[in-house]
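One line per chain: the protein sequences are A and B, in this order.
Each number in the numbering used here comes from the position in the first sequence (counting from 1) with 246 added on.
Each number in the numbering used here comes from the position in the second sequence (counting from 1) with 423 added on.
Note that the Cβ used here is the ideal one computed from N, Cα and C, for glycine as well.
Report on the following structure.
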Amino acid sequence: MMRRPLPRWATISLPIAGALSIILAWQFLLPAAGVPSYIAPTPTRIAGVFQQQWALLFDNFWPTLVEALSGFFIGNISAVLLAVVFVYSRVVQAAYFPVVLFFNTIPILALSPIIILIFGLGMTPKIIIAAVICFFPTLVNMIRGLNSASHNEQELLRVLSATPWEIFWRLRLPRSLPMLFSSLRIASATAVIGAIVGEWIGSDKGLGALIIQATFNYQSDRLYAAIVLSSSMSIAIFLSVVMIERRVIRYI
Amino acid sequence: MTFAVQTRNLDVGYRNADDSVTVLSGVDLAVEAGEFLTILGPSGCGKSTLLRVVADLLEPLGGEISVLGDKPHTVRSRRDVGFVFQDATLLPWRTVAANIGLPTVVGGRHASKFDPNRITELLQLLGLDGLGDRFPHQLSGGQRQRVAIARALLNEPKLLLMDEPFGALDEITRDRLNDELLTIWRRTGTTILFVTHSIMEAVYLGQRVMMLAANPGRIVNVVDIRTAKSPDNSCKREDPAIISAMAELRQMLEQVS
Ligand SMILES: Nc1ncnc2c1ncn2[C@@H]1O[C@H](COP(=O)(O)OP(=O)(O)OP(=O)(O)O)[C@@H](O)[C@H]1O
Ligand SMILES: [Mg+2]
């Protein structure tokens, strides 16, 4: 059965109403049920942290944002470039794709201490961790995307005597974009995770460090505020990716 | 006179790593310049394979072939051949106009000059007025196929290869496109090799109909139906001469299937 789509006002107001209902329940039902505030501080207390400790939150927001964004760009750009190399050189792909596959099986949490050992405590290791975490899904998606032109499409360009560069630029690259963007959307969340994990292991700056410190000092309202900020960061990067995707992929 | 396509003892098929599969063997064919030749034959007999050899998308296994008096490869790099596939093969990220203009952005130094008037002219010729800014998914199947034909015509190919271009269309649309294709053929004087599964379409469009057979793949017959049609290759579908040509071809096709 085809269901009629919800009217436009409902697609906007229903999610807002849903979120509000949960926030209200959190604000009033949880304390009433006896959940102590060091486990779940109420939304108003978390909002209070934003008001009173804005400078602290802000100081820790920037490093994480810089690390996540740098990692996002470095990881995705190198994945796209390597995918192009792999797709155009079967020899290189045969030699190195298994190695890349092997690296991908190492959990990022196990790899992070090594990266920190090598690169020290600055921003660099966090950027690298965020980049590594973005790299693999984009590499795999981009290889598949570049190879997804149909047999007929390739023959069409051959009939038109297209040069290899034209085949790349006019067919294989545009064909790969939907798959590339679907992995960029995933990477918008994982890049932030990578930066925070890096900060957990070795840093005194950033939202990751703030989360760890707040946890050990039982400052649960500050902990929750840091979590809200991290997820806002993921959402902001995600929305930027979606906006760029809408401009680039105008068909369908 | 030079033929648009001439083959002598041509074998076509597929080369694998260690052996090769012959699909059609001993093909002797001479298509005159400006001719409209339709190709009929049971499924899998090698119609598409033959067209792909003519278009230099596939190397022949043996024998000789010349296209427009040259090697297929030379002709393809000069872009004298147009190809229309059964599925329109439009690039979904390009608008209709940009799809028709594809030959202006690929082809290296043989790329056609971009001329907006030429694209408007083709949109009109194929009844696509006002659809230039649409994307392919906003078109009907028939409209998509018209775009594919317009694209193949952009650089005025001397030889047009069409592999079941109207196979997926309803009968009314197909009949209309058949008439439009004949008009274009008369106007441009291009040679057309046209593969179809429809006997009616083969007779209605072709001056000659080539019948292929499978196992082993070969040419069974080339039926000249010019005598049953007007000098400009038009005919009425219910004309007795046309009906008897169709009956003859149907019998032939049943024997080889
Ligand atoms: N890439 C390939 N490698 C090996 N054999 C192939 C390949 N492509 C097609 N064939 C075989 O070649 C034969 C002829 O195929 P072809 O596509 O030319 O048939 P066709 O006459 O166009 O059939 P249809 O009417 O169904 O389109 C078939 O038996 C098919 O299985
Ligand atoms: Mg075929």
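Three-way DSSP call (helix, strand, coil) for D503/B in this model | By 1-based counting over the second sequence, the position of residue 503/B is 80. Coil at D503/B, not helix or strand.
In the region 459-487 of chain B, which residue ranges form an unbroken beta strand (DSSP E) of at least 3 residues, counting only runs that do not cross its ends?
-> 459-463
Through-space distance from I323/A to R574/B, alpha-carbon basis | Here residue 574/B is taken as the residue at index 151 of the second sequence, counted from 1. Here residue 323/A is taken as the residue at index 77 of the first sequence, counted from 1. Near 35 Å, if we compare the C-alpha coordinates of I323/A and R574/B.
Round the Cβ separation of E587/B and V626/B to the nearest angstrom and send it over; I've been treating them as touching at under 8 Å.
-> Translated into positions along the second sequence, residue 587/B becomes position 164. Translated into positions along the second sequence, residue 626/B becomes position 203. That belief does not hold up - the Cβ atoms of E587/B and V626/B are roughly 16 Å apart, past 8 Å.
Three-pair Cβ contact test at 8 Å for the region 355-372 of chain A versus the region 427-447 of chain A = yes
Is the shortest distance between the beta-carbon of L480/B and the beta-carbons of chain A less than 7 Å?
-> Counted from its first residue, the second sequence places residue 480/B at position 57. Judged by the 7 Å Cβ criterion, L480/B is in contact with chain A.
Buried/exposed call for F589/B, threshold 16 Cβ in 10 Å | Position 166 of the second sequence, counted from the first residue, corresponds to residue 589/B. That one is buried.
Show which residues of chain B have a CB atom less than 8 Å away from the CB atom of A445/A.
-> Position 199 of the first sequence, counting from 1, holds the residue named residue 445/A. Checking the sequence, you will find Glu at residue 445/A rather than Ala. Result: empty, since nearest Cβ-Cβ is about 40 Å, beyond 8 Å.
Chain-ordered chain A contacts of H690/B [CB-CB under 7 Å] = Since the first residue shown for chain B is 424 and the last is 680, residue 690/B is missing from the structure and cannot be characterised.
Cutoff 7 Å; reference R390/A; Cβ partners in own chain excluding five residues on either side = As a working mapping, residue 390/A is identified with position 144 in the first sequence. Here the set comprises M425.
Compute every distance between the C-beta of T472/B and the non-hydrogen atoms of ligand 1, then say whether any falls below 6 Å.
-> As a working mapping, residue 472/B is identified with position 49 in the second sequence. The answer is yes for T472/B.
Interface positions of the region 637-658 of chain B facing chain A (Cβ-Cβ less than 9 Å), listed along the chain = none
Just to confirm, does V446/B get its C-beta within under 6 Å of one of the non-hydrogen atoms of ligand 1?
-> The residue labelled residue 446/B in the question sits at position 23 within the second sequence. Result yes, Cβ under 6 Å from ligand 1.
Cβ pair count under 8 Å reaching 3, the region 596-608 of chain B against the region 501-517 of chain B = no
Using 8 Å as the threshold, is the region 539-549 of chain B in touch with the region 523-530 of chain B, meaning 3 or more CB pairs across them?
-> yes
T472/B vs V504/B beta-carbon contact at 7 Å = The residue labelled residue 472/B in the question sits at position 49 within the second sequence. The residue labelled residue 504/B in the question sits at position 81 within the second sequence. Taking 7 Å as the Cβ cut-off, T472/B and V504/B do not qualify as a contacting pair.
Interface residues of the region 387-409 of chain A facing chain B [CB-CB below 9 Å] | S396, N398, E399, E401, L402, L403, R404, V405, L406, S407, A408, T409
Proximity of G317/A and A482/A at Cβ, strictly below 7 Å = Looking up residue 317/A in the first sequence gives position 71. Looking up residue 482/A in the first sequence gives position 236. Result no, Cβ atoms of G317/A and A482/A do not sit closer than 7 Å.
Does the beta carbon of G485/B fall short of 6 Å from some heavy atom of ligand 1?
-> To locate residue 485/B, count along the second sequence from 1; it is residue 62. Flag unset: Cβ of G485/B not near ligand 1.
Candidates G555/B, S653/B, N638/B, R431/B, of which the one nearest Q630/B by Cα = Translated into the one-based positions of the second sequence, residue 630/B becomes position 207. Among G555/B, S653/B, N638/B, R431/B, the Cα nearest to that of Q630/B is on S653/B.
Does the beta carbon of T512/B sit closer than 7 Å to a beta carbon anywhere in chain A?
-> Stepping through the second sequence from its first residue, residue 512/B is reached at position 89. Taking Cβ atoms only, chain A reaches closer than 7 Å to T512/B, which makes this a yes.
Does any C-beta atom of chain B lie closer than 7 Å to the C-beta of E412/A?
-> Numbered from 1 along the first sequence, position 166 holds the residue referred to as residue 412/A. Yes, contact with chain B.
Verify whether the separation of the beta carbon atoms of S434/A and F484/A is less than 7 Å.
-> By 1-based counting over the first sequence, the position of residue 434/A is 188. By 1-based counting over the first sequence, the position of residue 484/A is 238. Against a cut-off of 7 Å, the Cβ pair of F484/A and S434/A comes out as a contact.
Return yes when at least one heavy atom of ligand 1 lies under 6 Å from the C-beta of G467/B, else no.
-> Residue 467/B sits at position 44 when you count from the first residue of the second sequence. Under cutoff, so the answer is yes.
Pull up the DSSP beta-bridge partners for N644/B, would you.
-> For the purposes of this step, residue 644/B is taken as the residue at position 221 of the second sequence. N644/B pairs with M634/B.
State the DSSP-derived secondary structure class of T443/B, mapped to helix, strand or coil.
-> The sequence position of residue 443/B within the second sequence is 20, counting from 1. It is worth fixing the name first, because residue 443/B is Ser in this sequence and not Thr. S443/B: strand per DSSP, three-state reduction.
How would you label M633/B, buried or exposed, when you count the other beta carbons within 10 angstroms and need 16 or more for buried?
-> Indexing the second sequence from 1 puts residue 633/B at position 210. Per the 10 Å Cβ criterion, buried.
Determine, using beta carbons only, whether R416/A comes closer than 7 Å to chain B.
-> As a first step, residue 416/A is located in the first sequence; it is residue number 170 there, counting from the start. Yes, because at least one Cβ of chain B sits closer than 7 Å to the Cβ of R416/A.
Out of S477/A, L456/A, M479/A, P251/A, state which residue places its alpha-carbon closest to the alpha-carbon of L469/A.
-> Working through the first sequence from its first residue, we reach residue 469/A at position 223. Taking only the C-alpha atoms, the option nearest L469/A is L456/A.
Who does T430/B pair with in a DSSP beta bridge?
-> The residue given as residue 430/B occupies position 7 in the second sequence. DSSP, once it has assigned bridges, lists L452/B, I488/B as partnering T430/B.
Complete runs of the alpha helix (DSSP H) confined to the region 422-466 of chain A [at least 4 residues] | 452-462
Nearest to S283/A by CA position, among R492/A, D467/A, M479/A, is which residue?
-> Residue 283/A sits at position 37 when you count from the first residue of the first sequence. It is D467/A whose Cα lies nearest to the Cα of S283/A.
Under 8 Å from the C-beta of L484/B: neighbouring residues of chain A | Mapped onto the second sequence, residue 484/B falls at position 61. Within 8 Å Cβ-Cβ: nothing; L484/B doesn't reach chain A, min ~19 Å.
May I ask which residues mark the beginning and end of the beta strand (DSSP E) holding F722/B?
-> Residue 722/B lies beyond the stretch modelled for chain B, which goes from 424 to 680, so this question has no answer here.
Quick one: measure Cβ to Cβ for L423/A and F307/A, integer angstroms, because I've assumed they're closer than 8 Å.
-> For the purposes of this step, residue 423/A is taken as residue 177 along the first sequence, with counting starting at 1. For the purposes of this step, residue 307/A is taken as residue 61 along the first sequence, with counting starting at 1. Not a contact, Cβ separation roughly 31 Å.
Show which residues of chain A have a CB atom less than 7 Å away from the CB atom of H533/B.
-> In the second sequence, the residue the question calls residue 533/B occupies position 110. Residues of chain A passing the Cβ test: S407.
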